[in-house]
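Read through the structure below, which is laid out as structure tokens, and then see the notes.
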Amino acid sequence: MGSYIIRRLVYGLVTLLALSLVVFLLIQASGGGPLDRLKLNPRMRGVIAQLTEEWGLDKPVMQQYFTWLKNFVTPADVRAADGLTVLFGKIGIRGSMPIILILGAGAYTVGTFLAKVAKPWWRPFRAFSLVFVWFTAIWLAKSRLVFSLSWGDSFRGDGPVWDNIFGAAGATFRLGLTALILALLIGIPLGIYQAIRQYSFFDQVGTTLSFVAFSTPIFIIAVGTQLLFALYLEKWTGVKLFFVAGMSDPSYASLSFLARMGDVARHLTLPALSIALISIATYSRFQRASMLEVMHSDYLRTAKAKGLPRRRVILKHALRNALIPIVTLVSLDIAGIIGGAIITESIFGWPGVGRLYIQAIDAVDYPTVMAVVMSIGAGIVVMNIVADILYGVLDPRVRYD
Amino acid sequence: MSIKDLRTYFTTEEGVVRAVDGVSFDIAPGERRGVVGESGSGKSVTAMSIMRLIEPPAGEIVTGTIEFQGENLLALREDDMQEIRGAKIAMIFQDPMTSLNPVYTIGDQLMETIMLHQHVNKHDARKIAADALGDVQIPEPMTVLDDYPHQFSGGMRQRVMIAMGLSCNPDLLIADEPTTALDVTTQAQIMDLMLKLAADRGTAVMLITHDLGVVAGFCDTVQVMYAGGIVESGKAQNLFSDPQHPYTWGLLGSMTRLDESHTERLHSVRGAPPSLINPPRGCRFNPRCDFAKDICRETYPALRDSGNDGQLAACHFATELDLKLLTIGEASRS
Amino acid sequence: MTDLQNRSGDPGGDDAAEGLAVEPITQWDLFTARMRRHRLAMLSTVFLFVVVFISFVAAPLLKCDKGATECEFPRLWDYTDGLRDDGGRLLVNIAPRGPLPFGSDEIGRDVLSRVIHGGQASLTVGLVTGLLVASLGTVVGALAGYYPGIIDQASMRFTDLILGLPLLPVAIVVGRLLPELTFLPGWMRAGPWGIAFLLGFLLWGSLARIVRAEFLSLREKEFVEAARAAGASDRRIIFRHILPNAMSPIIVQTTLIIGAAIIIEAALSFLGFGVRPPTPTWGGMAASGARVAARGFWWELVFSASALVTTVLAVNFIGDGLRDALDPTQTIERK
């Protein structure tokens, strides 16, 4: 299993390198000019020359690439300080990172208890590793560690790329994670219930709705919910329930805890739902199919023939087998959620990486563009590996690879 | 066990499939009864009906009684039936590769039944499970308990299934084509094992198969099923040497035999199995029968005693056809 | 057992001689029979034909002004007079009524004309991408599945690479830069063909994996061995023996990818990185429609979105129908 992970990491690295090269070359091939706008103005020639010099835009292409690459992976700043503010200081991130860390530690805990490893060293290993993982997670969450790579400065004059991205990352995490959790919590039970009540009215309606949701582009859903549930709702009923722009109220910091929660919810609901809807459709269809397959399986028949009560049969035997393929599905869906986030953030003005990306693309701000693409790519690689590990935990057939 | 007039129907798009249509037979304690027939003859459905594993709304046991240890199984509440399944009547299935849950250890699946029916704690259950594995001649049972099904071959998995079936000492074991998915050598081993275990414990066995050879080596009595009904039943040796029903005779004739002339063409029963939605009128075998007369197309023949130590055959001409004397060639000319 | 089953797959010699004749049923018959049962799929096929006809046959035949801002439809009434300004241009943001069934947009263009022409972009992308994905994916998958060892490994590594690319971010970058990539021919840089090729190169990975899996299992079947023993060349085996058996998942998956491609193209156009204005695209129209919708001008958004959703829905229903019809192992009967 360990060697498998190493292999996957290496492949992931190769993919990322290829990705960076392709995007870089494309930008260069387009005559990629952050300076294009300036070039239209003949009086800017001096500034153009200066910036060209400064940003190394006149060097040969491959040299530019390697310079970029070298900088990209070089740490610029590592210290323990009042880092939390600097690193995550921008809008509303503070809540997200610790949550992710705790979730990660929790997932690991669940995983270790689900896995059935029969080796004698397992129990002590599990105990120690759990202590270690939780300690690290809590320490990181509370730490004041500052760390950054020298990703350069944005061509739009927006400041260091690293800060921009990580400032925006928390917002995207918040949105994406909520969407994923919503999709899982709603989609999976829906699919299971559809399978148990196959061919019922509920099942047929659910299937049709899934098809429609699956066939609708996410920007339609986003715009639609925005119009229906916010603007028109307000127009018709005078109730301003959901917000459609931004992530939090300007007065956020001054609000009470309860009011803050309310504010978060009111801002988060519509965009998260928009992203989640398509995933809900996919997950429920998939779970339905998986559950049906399990329900007609031979081993379920064996379980019934042994005299096991129906509830135990479903909960113990059917469910675990039916849930296994979802792991693969989710790992494939991560890319979709990220894509959805890009579009949704633009529509809802959500200050996340997606919106940052669109702004950077427009201006061909290539340090930012490269950094975002690489971050997303790296995120996907990591998620896929995590999914593989999870799959191994759930399905013993895969473990002895 | 005494089954009377069992009828199990399935509702499909094309109509009602009468998979089991009026089946009655008995199984005595310790008896090893073979149930033989083509695919679609209703043998598996009969077994599933006994276990009450037929799922509504598609399938339904329409009528009949199954007397078992003083109770009618078809009238029991589901809870009570669950207590019987696995404990008093156990069933093992055809494909060992898919009959075990791949995500749980073998020990887990064995102990599950044991703890449920014998009300013992985990530790004792483990011991019982290991003993059961030993009985089916699996080496190193204690290690095997912690292994997963995919680590074993088909033969081994089927042994595990048998162990699971017998672990709570049932009075009746129903085996639905237990060796069909295995290679011939393993087949023989498994059948020998089952024979020994059943004989030792006095377990009655209902062996469902389409392989007459397997039946010959294992069963005391045999019943032949066709299109949802029993067409012949009796002691194994009698049936094989002196079949009374044309279908049985056809089946036996289609087997290759070492003592036959090998210049003859292999005979098969002509035609195809009938539709169970719209079965032929009268005797269901009549379209394919070499001896069919008008009465066969009109009236359904009930099982009648054809002498020979309780041998029953569902044919109007059961005692009149002296089937064992006719060779294939002669039959097609009569 | 149905009549169909009774008649097909039958034993042979004896029966023909005795008059229990059996009619042969071809794969095609079985396929069309099952396909016809799936009503939604049949409806969708009809619908799709209509859309294709409108976009590619009717649209060029209509007399429209440049940029398809207004087409001359055969009209029964005297139409847009009250809706024009002095310069002869249509007024902006007119709600749907008589001569303008879909209204006009914020620069005074007839939404109906634009919706009709907008289909060209989406459908071109769908079909071209589908063809590209089908070819690339099948070729790579077949090679990987048939030839073990280094060809398999290399192909699969390459496929994994493509699959590892984050789809939308890369598509956005390329879409944004497409008009300026001067090394590409002009017809690719403007218009839907470039996007189609882009998506074709990004989406073939999943199909390659599926084809490889099919080939891996089919390669071991006896009929391949038989063909080889009869002296068939590798190429012949691949094309004439294995490939026809692998068609079903290829077709189903390609259909799904076509639907996805149409959606991605629309998203790109929505963001402004796809087919550039003033060429009408459903995605672009949704974008401008969304901008004015807050003020109550709903028609541009609604009609372009409906066109998109119904087209993709039709494609997906067809895909579902195909999957049902082509899967010979389907045992769970519908009631």
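Residue numbers (this note's numbering), protein chains in the order written: chain A, 8 to 408; chain B, 7 to 340; chain C, 133 to 467. We put the beta carbon where it would ideally sit given N, CA and C, even for glycine. Bear in mind the structure is a predicted one, so any value in this text is a computation, not a measurement.
Which class does B:Thr-71 belong to by DSSP, given the choice of helix, strand or coil?
Counting from 1 along the second sequence, the entry for residue 71 of chain B is found at position 65. Residue state, collapsed to three classes: strand.
Note down the Cα distance separating B:Ser-47 from B:Arg-24, rounded to an integer number of angstroms.
Sequence index remark: in the second sequence, residue 47 of chain B carries index 41 (1-based). Sequence index remark: in the second sequence, residue 24 of chain B carries index 18 (1-based). B:Ser-47 and B:Arg-24 have their C-alpha atoms some 10 Å from each other.
For a contact defined as C-beta to C-beta under 8 Å, what are the partners of B:Ala-93 on chain A?
For the purposes of this step, residue 93 of chain B is taken as the residue at position 87 of the second sequence. Ordered by position in chain A, the residues that pass the 8 Å Cβ test against B:Ala-93 are Gly-314.
Once DSSP output is grouped into helix, strand and coil, what is the label at B:Tyr-15?
Here residue 15 of chain B corresponds to residue number 9 of the second sequence, with the count starting at 1. DSSP, reduced to helix, strand and coil, places B:Tyr-15 within a strand of the structure shown.
Is C:Arg-455 closer than 8 Å to C:Val-384 when the C-beta atoms are compared?
As a first step, residue 384 of chain C is located in the third sequence; it is residue number 252 there, counting from the start. As a first step, residue 455 of chain C is located in the third sequence; it is residue number 323 there, counting from the start. One thing to note: C:Val-384 has its Cβ within 8 Å of the Cβ of C:Arg-455.
Taking 8 Å as the threshold (beta carbon to beta carbon), is A:Ala-483 in contact with chain C?
The requested residue 483 of chain A does not occur in the structure, where chain A is confined to residues 8 to 408.
Hey, B:Leu-122 and A:Gly-314: beta-carbon distance below 8 Å or not?
By one-based count along the second sequence, residue 122 of chain B stands at place 116. By one-based count along the first sequence, residue 314 of chain A stands at place 307. Yes, these two residues count as a Cβ contact at 8 Å.
Does the beta carbon of A:Ser-304 sit closer than 8 Å to a beta carbon anywhere in chain B?
For this step, residue 304 of chain A is matched to residue 297 along the first sequence. Interface residue (Cβ-Cβ distance to chain B less than 8 Å): A:Ser-304 is classified as such.
Using DSSP bridges, identify the partner residues of B:Ala-96.
For this step, residue 96 of chain B is matched to residue 90 along the second sequence. Partner(s): B:Leu-179.
B:Pro-155 beta carbon less than 8 Å from that of B:Arg-165:
In the second sequence, residue 165 of chain B corresponds to position 159, counting from 1. In the second sequence, residue 155 of chain B corresponds to position 149, counting from 1. In this structure, B:Arg-165 sits away from B:Pro-155, with a CB-CB distance that is not shorter than 8 Å.
Are the C-beta of A:Ser-222 and some C-beta of chain C separated by less than 8 Å?
Here residue 222 of chain A is taken as the residue at index 215 of the first sequence, counted from 1. Answer yes: the Cβ-Cβ gap between A:Ser-222 and chain C drops below 8 Å somewhere.
How big is the Cα-Cα spacing for B:Val-29 and B:Asp-217?
The sequence position of residue 29 of chain B within the second sequence is 23, counting from 1. The sequence position of residue 217 of chain B within the second sequence is 211, counting from 1. C-alpha of B:Val-29 to C-alpha of B:Asp-217: approximately 21 Å in a straight line.
Less than 7 Å between C-beta atoms, sequence neighbours within five positions excluded: which residues of the same chain meet that for B:Phe-74?
On the second sequence, position 68 is the one that residue 74 of chain B refers to. Answer for B:Phe-74: Met-7, listed in chain order.
Touching or not, the segment 337-353 of chain A and the segment 177-191 of chain A, by the rule of three or more beta carbon pairs under 8 Å?
Taking a contact to require three or more Cβ pairs closer than 8 Å, the segment 337-353 of chain A and the segment 177-191 of chain A qualify as touching.
Using 8 Å as the limit for Cβ to Cβ distance, is B:Leu-139 near chain A?
Translated into the one-based positions of the second sequence, residue 139 of chain B becomes position 133. Interface annotation, B:Leu-139: not in contact with chain A, CB-CB separation never under 8 Å.
Beta-carbon proximity of C:Trp-431 to C:Gly-251, cut-off 8 Å:
Within the third sequence, the letter at position 299 stands for residue 431 of chain C. Within the third sequence, the letter at position 119 stands for residue 251 of chain C. No.
For the putative contact between A:Ala-329 and A:Ser-286, defined by C-beta atoms under 8 Å, what is the C-beta separation to the nearest angstrom?
The count along the first sequence starts at 1 and reaches residue 329 of chain A at position 322. The count along the first sequence starts at 1 and reaches residue 286 of chain A at position 279. Contact between A:Ala-329 and A:Ser-286 does not hold, since the beta-carbon distance rounds to 18 Å and is not under 8 Å.
Chain-ordered neighbours of A:Asp-165 on chain B, where CB pairs are closer than 8 Å:
As a working mapping, residue 165 of chain A is identified with position 158 in the first sequence. Residues of chain B passing the Cβ test: none, with the nearest at roughly 51 Å.
Hey, how far is the Cα of A:Ala-176 from the Cα of B:Tyr-110?
Position 169 of the first sequence, counted from the start, is the residue given in the question as residue 176 of chain A. Position 104 of the second sequence, counted from the start, is the residue given in the question as residue 110 of chain B. A:Ala-176 and B:Tyr-110 have their C-alpha atoms some 40 Å from each other.
Does any C-beta atom of chain A lie closer than 8 Å to the C-beta of C:Val-183?
Indexing the third sequence from 1 puts residue 183 of chain C at position 51. Cβ-Cβ to chain A under 8 Å: no for C:Val-183.
At the level of alpha carbons, what is the spacing between A:Leu-284 and A:Leu-184?
Position 277 of the first sequence, counting from 1, holds the residue named residue 284 of chain A. Position 177 of the first sequence, counting from 1, holds the residue named residue 184 of chain A. Straight-line measurement puts the Cα of A:Leu-184 at about 14 Å from the Cα of A:Leu-284.
Determine the closest residue to B:Pro-231 out of B:Leu-318, B:Val-211, B:Val-190, with distance taken between C-alpha atoms.
Numbered from 1 along the second sequence, position 225 holds the residue referred to as residue 231 of chain B. It should be pointed out that residue 231 of chain B corresponds to Met in this sequence rather than to Pro. Nearest neighbour of B:Met-231 by Cα position, chosen from B:Leu-318, B:Val-211, B:Val-190, turns out to be B:Leu-318.
So, helix, strand or coil for A:Met-298, using DSSP?
Here residue 298 of chain A is taken as the residue at index 291 of the first sequence, counted from 1. Residue state, collapsed to three classes: helix.
Where C:Ile-395 meets chain A, residues with beta-carbon distance less than 9 Å
Taking the third sequence and counting its residues from 1, the one referred to as residue 395 of chain C is at position 263. The answer, in chain order, is Ser-222, Thr-223, Pro-224, Ile-225.
Give me the chain B residues within the contact set of A:Arg-295, using Cβ-Cβ distance strictly less than 9 Å, ordered along the chain.
By one-based count along the first sequence, residue 295 of chain A stands at place 288. Within chain B, no residue comes near A:Arg-295; the closest Cβ sits about 18 Å away, beyond 9 Å.
Residue(s) in a DSSP beta bridge with B:Glu-66
Locating residue 66 of chain B in the second sequence gives position 60, counting from the first residue. In DSSP, B:Glu-66 forms a bridge with B:Tyr-15.
Would the segment 88-97 of chain B and the segment 60-70 of chain B be scored as touching if the rule is three or more Cβ pairs under 8 Å?
No, the segment 88-97 of chain B is not in contact with the segment 60-70 of chain B.
Unbroken beta strand (DSSP E) run spanning B:Ile-214, endpoints:
Within the second sequence, the letter at position 208 stands for residue 214 of chain B. 210-215 is the span of the beta strand (DSSP E), which, as asked, contains B:Ile-214.
In the structure shown, what three-state DSSP assignment does A:Tyr-239 receive?
Residue mapping note: residue 239 of chain A aligns to position 232 of the first sequence, counting from 1. Three-state DSSP puts A:Tyr-239 in a helix.
Report the option in C:Trp-414, C:Leu-388, C:Thr-386 whose CA atom is closest to the CA atom of C:Ala-398.
Translated into positions along the third sequence, residue 398 of chain C becomes position 266. For the set C:Trp-414, C:Leu-388, C:Thr-386, the Cα lying nearest the Cα of C:Ala-398 is the one of C:Trp-414.
Report buried or exposed for A:Tyr-306, applying the criterion of at least 16 other Cβ atoms within 10 angstroms of its Cβ.
Along the first sequence, one-based indexing puts residue 306 of chain A at 299. It is buried - the Cβ of A:Tyr-306 has at least 16 other Cβ atoms within 10 Å.
Where C:Pro-310 falls: helix, strand or coil (DSSP):
Position 178 of the third sequence, counted from the start, is the residue given in the question as residue 310 of chain C. In the sequence as displayed, the identity of residue 310 of chain C is Leu instead of Pro. If DSSP states are grouped into helix, strand and coil, C:Leu-310 belongs with the helices.
Span separating the alpha-carbon of A:Thr-223 from that of A:Ala-36:
One-based indexing of the first sequence puts residue 223 of chain A at position 216. One-based indexing of the first sequence puts residue 36 of chain A at position 29. Rounded to the nearest whole angstrom, the CA to CA distance from A:Thr-223 to A:Ala-36 is 34 Å.
If contacts are defined as beta-carbon pairs under 8 Å, then C:Ile-344 and C:Gly-273 qualify, I think. What distance do you get, rounded to the angstrom?
Here the question's residue 344 of chain C lines up with position 212 in the third sequence. Here the question's residue 273 of chain C lines up with position 141 in the third sequence. It should be noted that the sequence gives Arg, not Ile, for residue 344 of chain C. Confirmed, about 4 Å.
Classify A:Arg-167 as helix, strand or coil using the three-state DSSP reduction.
Walking along the first sequence from the start, residue 167 of chain A turns up at place 160. Correcting the residue identity first, residue 167 of chain A is Pro in this sequence and not Arg. In the structure shown, A:Pro-167 sits in a strand (DSSP, three-state: E or B).
Just curious, the alpha helix (DSSP H) that C:Thr-270 is in, first and last residue?
Sequence index remark: in the third sequence, residue 270 of chain C carries index 138 (1-based). Taken as a continuous stretch (DSSP letters only), the alpha helix (DSSP H) holding C:Thr-270 covers 243-278.
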